[in-house]
Amino acid sequence: MSDKKIFIFDTTLRDGEQVPGCKLNTKEKIELALQLEALGVDVLEAGFPISSPGDFHSVDEISKIIKNATVCGLSRAVQKDIETAAQALKHAKRPRIHTGIGTSDFHIKGKFNATREEILARAVQAVKWAKNFVDDVEFYAEDAGRTENEYLARVIEAVIAAGATVVNIPDTTGYCLPYQYGEKIAFLVNNVKNIDKAVISCHCHNDLGLATANSIAGIMNGARQIECTINGLGERAGNTSLEEVVMVIRQHRQLGFYTDIKAQELNPLSRLVSDTMRMPVQPNKAIVGANAFSHSSGIHQDGFLKDATTYEIINPEEVGAEGSKIVLTARSGRSALAFRLQKLGYDFNRNDIDTLYERFLQIADTKKEVMEDDLHSMAKAYTGSTVNA
Ligand code: KIV
Ligand code: ZN
Numbered sequence: 070m071s072d073k074k075i076f077i078f079d080t081t082l083r084d085g086e087q088v089p090g091c092k093l094n095t096k097e098k099i100e101l102a103l104q105l106e107a108l109g110v111d112v113l114e115a116g117f118p119i120s121s122p123g124d125f126h127s128v129d130e131i132s133k134i135i136k137n138a139t140v141c142g143l144s145r146a147v148q149k150d151i152e153t154a155a156q157a158l159k160h161a162k163r164p165r166i167h168t169g170i171g172t173s174d175f176h177i178k179g180k181f182n183a184t185r186e187e188i189l190a191r192a193v194q195a196v197k198w199a200k201n202f203v204d205d206v207e208f209y210a211e212d213a214g215r216t217e218n219e220y221l222a223r224v225i226e227a228v229i230a231a232g233a234t235v236v237n238i239p240d241t242t243g244y245c246l247p248y249q250y251g252e253k254i255a256f257l258v259n260n261v262k263n264i265d266k267a268v269i270s271c272h273c274h275n276d277l278g279l280a281t282a283n284s285i286a287g288i289m290n291g292a293r294q295i296e297c298t299i300n301g302l303g304e305r306a307g308n309t310s311l312e313e314v315v316m317v318i319r320q321h322r323q324l325g326f327y328t329d330i331k332a333q334e335l336n337p338l339s340r341l342v343s344d345t346m347r348m349p350v351q352p353n354k355a356i357v358g359a360n361a362f363s364h365s366s367g368i369h370q371d372g373f374l375k376d377a378t379t380y381e382i383i384n385p386e387e388v389g390a391e392g393s394k395i396v397l398t399a400r401s402g403r404s405a406l407a408f409r410l411q412k413l414g415y416d417f418n419r420n421d422i423d424t425l426y427e428r429f430l431q432i433a434d435t436k437k438e439v440m441e442d443d444l445h446s447m448a449k450a451y452t453g454s455t456v457n458a
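Per my numbering, residue 70 is the first one in the sequence shown, and the count goes up by one each step.
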């Protein structure tokens, strides 16, 4: 059986941009939109047009320049929001309106002071209204993660009957465990009569660090679109990280999925997003963190230097990273020291390295990392002492 395509819906410019301090102007949004299209995303959520005139303008401008990806604008289940989104998307080659409403009892009671029947009717109305402007309408059931499955299935069936082409099942609060999120998607696949008329989408937040695992559980149970952001940016603890889901799918071919993302662009784009949004990437971040391909303990370094596959499951070149690094710390071993000295042009034998290693450990115990300058000083002092001896 041939592999199934997973559509990558990037929301760096919408959910990612909601992060305090990450706001972008139109020029920055356009630059990132072009790079995201070059990366190969299928859908680009360009913004929330009703939220501000600036965001409307950004969505409008992005719609004019994006050639291949679907351009999507967010709205609430409110007529004015939907009309404004449609207006901002009017130049898009492939426009999509993303509309929806909270479906959990937390939202129905706490936010809307409404009943389940009223929310269902508003959901259907919103989709029907959006269909007046575009063919491609995605419906989000906000807080689907905490929505009772039977009611969620009724809402999803009704919005598909109203014309929704994609149904987004957000774990808005990042609450679900992977098996629960997977079961939720499976429940919809098995209990929504018209589910074959729409694509199921995963939109998972990372409040418990489970966003990537939940999205993968989603596709394993029938979802075909993942909503994600570069560097996992997004509200609170963030969204599913694009680079993580793409690489899980590439590493685990046995799952039977593929995406159209050009993996080599992942690190360059991660840096561009981080610089443009002024949001540093944590060093231990999978795929794109500064330490993602660094080896610092002696046991790992020794294995890695003999055969890289002992400690690396991804070749850094595959994801456009600079390359593997052998970092020298007080936990490093002789092979790593010899390797780094050799890279600097020194040719020491085993006995030399044994002696140098004692000196290296003294230095390493006084600092976090032994740098090139330290190695040069060490090597020169040692060479001087052996010449003079
Ligand atoms: O997290 C969420 O539920 C959202 C929706 C607006 C799609 O971002
Ligand atoms: Zn979200």
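Virtual Cβ for every residue (Gly too), placed ideally from N, Cα, C.
Alpha carbon of residue i to alpha carbon of residue j, nearest angstrom
| i | j | result |
| --- | --- | --- |
| Y380 | D416 | 26 Å |
| K73 | K262 | 22 Å |
| R400 | K437 | 10 Å |
| A90 | R403 | Strictly speaking, residue 90 in this sequence is Gly, with Ala absent from that position. The alpha-carbon atoms of G90 and R403 are separated by roughly 44 Å. |
| C271 | V147 | 23 Å |
| A390 | V258 | 38 Å |
| A138 | D111 | 5 Å |
| I422 | A407 | 7 Å |
| V350 | A306 | 13 Å |
| G214 | D434 | 48 Å |
| V342 | C273 | 20 Å |
| T398 | D329 | 39 Å |
| D212 | P239 | 6 Å |
| Y244 | W198 | 31 Å |
| R319 | L103 | 24 Å |
Residue environment, residue i, which counts as buried when at least 16 other CB atoms sit within 10 Å
| i | result |
| --- | --- |
| Q294 | buried |
| Q323 | exposed |
| M447 | buried |
| N182 | exposed |
| E312 | buried |
| Y248 | exposed |
| S339 | buried |
| M316 | buried |
| N300 | buried |
| H321 | exposed |
| Q431 | exposed |
| I285 | buried |
| A107 | exposed |
| I226 | Sequence inspection shows Glu at residue 226; the Ile mentioned does not correspond to that position. Buried, because 16 or more other Cβ atoms sit within 10 Å of the Cβ of E226. |
| K354 | buried |
| K441 | According to the sequence displayed, residue 441 carries Glu and not Lys. Under this definition E441 is an exposed residue. |
| K98 | buried |
| E296 | buried |
| I368 | exposed |
Residue i in three-state terms, based on DSSP
| i | result |
| --- | --- |
| F181 | coil |
| E296 | strand |
| R396 | Just to set this straight, residue 396 is Val in the shown sequence, not Arg. V396: coil per DSSP, three-state reduction. |
| A146 | coil |
| R165 | strand |
| E313 | helix |
| Y244 | coil |
| I446 | The identity of residue 446 in the sequence shown is Ser, whereas the question assumes Ile. Three-state DSSP puts S446 in a helix. |
| H160 | coil |
| A115 | strand |
| H272 | strand |
| N308 | strand |
| I170 | strand |
| T139 | strand |
| F125 | helix |
| Y327 | strand |
| H364 | strand |
Distance between beta carbons of residue j and residue i, contact taken as under 8 Å
| i | j | result |
| --- | --- | --- |
| I269 | V314 | At roughly 15 Å, the Cβ-Cβ gap does not stay under 8 Å, so I269 and V314 are not in contact. |
| A115 | I131 | 4 Å |
| R163 | D205 | 7 Å |
| F208 | T241 | Between T241 and F208 the Cβ distance is about 14 Å, and since that is not below 8 Å, they are no contact. |
| D188 | I170 | It is Ile, not Asp, that sits at residue 188 in the sequence shown. Yes, I188 and I170 are in contact; Cβ-Cβ is about 6 Å, under 8 Å. |
| Y220 | T172 | 7 Å |
| N218 | K266 | The Cβ separation is near 20 Å, so there is no contact. |
| A308 | T298 | For the sequence presented, residue 308 should be read as Asn rather than Ala. Going by Cβ atoms, the distance from N308 to T298 rounds to 5 Å, so yes, they are a contact pair. |
| V228 | V196 | 5 Å |
N- and C-terminal bounds of the beta strand (DSSP E) containing residue i
| i | result |
| --- | --- |
| D240 | 235-240 |
| I77 | 76-79 |
| Y209 | 205-211 |
| I432 | Segment 419-433 is the alpha helix (DSSP H) holding I432; no beta strand (DSSP E) there. |
Element boundaries [alpha helix (DSSP H), containing residue i]
| i | result |
| --- | --- |
| I225 | 218-230 |
| Q351 | Per DSSP, Q351 belongs to no alpha helix (DSSP H) and is neither H nor E. |
| S401 | Unbroken run through S401: none, as it is neither H nor E. |
| M440 | Per DSSP, M440 belongs to no alpha helix (DSSP H) and is neither H nor E. |
| P337 | 335-346 |
| E86 | Segment: none, E86 is in no alpha helix (DSSP H) and carries neither H nor E. |
| L413 | Segment: none, L413 is in no alpha helix (DSSP H) and carries neither H nor E. |
| T378 | No alpha helix (DSSP H) contains T378, which DSSP labels as neither H nor E. |
Chain B within 8 Å of residue i, Cβ atoms only
| i | result |
| --- | --- |
| R83 | Of the chains in the structure shown, none is chain B; there is only one protein chain. |
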